[in-house]
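Engineer:
Residue numbers (the numbering used here), protein chains in the order written: chain A, 1 to 336; chain B, 1001 to 1311.
1. Go through its chain and collect everything with a Cβ distance to residue 1215 of chain B's Cβ below 8 Å, but skip five positions before and after it.
2. Would you decide whether residue 85 of chain A is buried or exposed? Buried here means 16 or more other CB atoms lie within 10 Å of its CB.
3. Might you give, ordered along the chain, the residues of its own chain that have their beta carbon closer than 8 Å to the beta carbon of residue 290 of chain A, omitting 5 neighbours on each side?
4. Any residues in the stretch 4-33 of chain A with a beta carbon nearer than 7 Å to a beta carbon of chain B? Which ones, in chain order?
5. By alpha-carbon positions, which one of B/1137, B/1172, B/1164 and B/1160 ends up nearest to residue 1149 of chain B?
6. Count the other CB atoms, across all protein chains shown, that sit within 10 Å of the CB of residue 1243 of chain B; report buried if there are 16 or more and exposed otherwise.
7. Identify whether residue 155 of chain A lies in helix, strand or coil by the three-state DSSP scheme.
8. Tell me which same chain residues have a C-beta within less than 6 Å of the C-beta of residue 329 of chain A, skipping the five on either side of it?
9. So, do the stretch 167-184 of chain A and the stretch 208-223 of chain A have three or more beta carbon pairs nearer to each other than 8 Å?
10. So which of A/266, A/96, A/175 and A/153 has the shortest CA-CA distance to residue 117 of chain A?
11. Going straight from the alpha carbon of residue 1045 of chain B to that of residue 1310 of chain B, what length do you get?
12. From B/1060, B/1107, B/1138 and B/1055, pick the residue whose C-alpha is nearest to that of residue 1125 of chain B; which is it?
13. Grab the span of the alpha helix (DSSP H) containing residue 1267 of chain B for me, first residue to last.
14. Chain B beta carbons: is any one of them nearer than 7 Å to that of residue 323 of chain A?
15. Would DSSP call residue 299 of chain A helix, strand or coil?
16. Could you check whether the Cβ of residue 336 of chain A sits closer than 7 Å to any Cβ belonging to chain B?
17. Does residue 144 of chain A get closer than 7 Å to chain B when you measure Cβ to Cβ?
18. Among A/274, A/304, A/60 and A/131, which residue has its Cα nearest to the Cα of residue 29 of chain A?
19. For a quick check, are the C-beta atoms of residue 1012 of chain B and residue 1034 of chain B less than 7 Å apart?
20. Are the Cβ atoms of residue 298 of chain A and residue 207 of chain A separated by less than 7 Å?
21. For the structure I just gave you, are there three or more beta carbon pairs, one from the stretch 1235-1249 of chain B and one from the stretch 1282-1297 of chain B, closer than 8 Å?
22. Whole angstroms is fine: what's the gap from residue 1130 of chain B's alpha carbon to residue 51 of chain A's?
23. Find the residues of chain A that neighbour residue 1089 of chain B, judging by a C-beta separation of less than 9 Å, and give them in chain order.
24. With burial defined as no fewer than 16 other Cβ atoms inside 10 Å of the residue's Cβ, what is the status of residue 1154 of chain B: buried or exposed?
25. Establish whether the CB of residue 138 of chain A and some CB of chain B are separated by less than 7 Å.
26. Hey, quick one: how far does the beta strand (DSSP E) through residue 1109 of chain B stretch, first residue to last?
27. Only counting runs of 4 or more residues, tell me where the alpha helix (DSSP H) segments fall wholly within the stretch 184-248 of chain A, in order along the chain.
28. For the stretch 1185-1197 of chain B against the stretch 1135-1142 of chain B, are there 3 or more C-beta pairs whose distance is under 8 Å?
29. Taking the straight line between their C-alpha atoms, what separation do you get for residue 38 of chain A and residue 127 of chain A?
30. Would you kindly check if the distance between the Cβ of residue 1065 of chain B and the Cβ of residue 1078 of chain B is under 7 Å?
31. Counting only C-beta atoms, is residue 1093 of chain B closer than 7 Å to chain A at any point?
32. Could you give the distance in angstroms between the alpha-carbon of residue 109 of chain A and the alpha-carbon of residue 20 of chain A?
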């Protein structure tokens, strides 16, 4: 018995607008997933690559300002991977040690692209694999959707609310650290032209994050809506990335063998390494490679390549089909 | 089928509502108008009660039909309707991972309450629904009875005008059931809420409802006030004795009083109340049978229900 039992009382207050209700779903979802210890560990671990990227940007700016040792810039000019990507971006690195400030845009983009392409993309796969499978499948198992949808919430808003949970996590993982690194670079730079040189990088970071967020969230939610058992959804999610990567690498290795080229990275020369960054239709088999190439395009590191639409079309199809399927599943379960 | 009420006194008014699943028609051209108050929705399993409720809430899309719910056009304004309706689903449903109080707060926020106000109101309603300290436990650890209380709190937290309760007393022990029915009664009579109570338990309907709707085979069979449904076709008295109702009714029958024995402790004596009361007392005295209660004979709701679904 409560100390102050007031019984039932009528309530007369001002209600929040209906469009904001999906946000309730999102904030509660974030609160729920934040309880997970493993998620916190992964996110903390994910900060390490971002810290390293930040150190690279800071070192680069300090090198320019102090006219000090330019090992980092020399290394950038020697590295076949950076040379290959610079060639695709239309940048000649031969003059980089003499005039490093002219290469600021490329260097920052290259560092942020590498951060986004490798550690953040892999971290995104892990985090979505931990969080997303539970989002809809738990509601299907516990029939929580009946509670949600008996409120002024449509199935589309329900899906939006669940997506916002993933968007928030992915933003925290990808866009936010990259933006912080960008701002760190700006603050450490004494060169007043730095902003004029790099103003487009924050926009590229945001677009690259969106390209990472939308199709992956759509697929993850589609898997989650397929089953009441979140472990099956999690298994399907990881299987998709692994099978895609294995398929692409097998096809790529077969091509290398066909062309009598080395398959091991240490045996490769500039041409061979450069060919790894070419667009190939085989990449469409691997979501990881497809998204990677899209990020390369977004960061302006493929401007010399022939523009290809197929990865964009695949990302759009994955987004539409993923969200469409999740919507269909949520609407369908309402049958008595 | 309608009760005779003015349109402003109606909770909902449906016209020609039909719904089918995979070719099987579940709701067959239903037209129904329900006044404010407590309405019992009765019907055998699979007769379309839950489909009707979910249709009203827009959880299932109807094939055709229109109407007004709480004065709003239906189904076009179903989202406004949902803001004003509290729904306790029949299904065992909960929000996994949340504490009881958090899940009530979330439902309040989904219905438009600000975060802090939602928490304050959630505690108030949790007290009213007797959730006690269990409100701080995760909902997946709740017993069936606790989940029913939680769903009730979730249905009430935004102070709806109309509360739809689908099998609300399932899983409650007798004491909790009585408390639950008391709450329904007080909500209707003290707070002026309209309530739709869908149940199989006729006793709950008799105890709480003003009106009764009986569905069968996807159609509305009966819509009437409980008082009318319980009005007997013949005048008489219902007599409850300690035992030997059969012996007493036989003795009265020998005196020309028609009796219908319903159990070993109950029977109905048909006839003018004034003329049969004296012979009843006299016979009881002669047969040494103790009378516990004498009241005006009523039709049982069970009888009305069975007649409706057989018709």
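Just so you know, even glycine gets a beta-carbon here, dropped at the ideal spot from N, CA and C.
Structural biologist: Well, looking at it:
1. 1041, 1042, 1043, 1047, 1048, 1049, 1052 and 1221
2. buried
3. 283, 284, 311, 314 and 315
4. 5, 6, 7, 8, 9, 10, 11, 13, 15, 16, 18, 21, 24, 28 and 32
5. B/1172
6. exposed
7. helix
8. 225
9. yes
10. A/175
11. 14 Å
12. B/1107
13. Run containing residue 1267 of chain B: none in the alpha helix (DSSP H); it sits in the beta strand (DSSP E), 1266-1270.
14. no
15. coil
16. Any reading at residue 336 of chain A needs caution, since the residue's pLDDT is 44, under 50, leaving its predicted position unreliable; the model's value is listed next. Yes, contact with chain B.
17. yes
18. A/131
19. yes
20. yes
21. yes
22. 51 Å
23. 143, 146, 147 and 150
24. buried
25. yes
26. Segment 1100-1110 is the alpha helix (DSSP H) holding residue 1109 of chain B; no beta strand (DSSP E) there.
27. 194-198 and 201-226
28. no
29. 9 Å
30. no
31. yes
32. 36 Å
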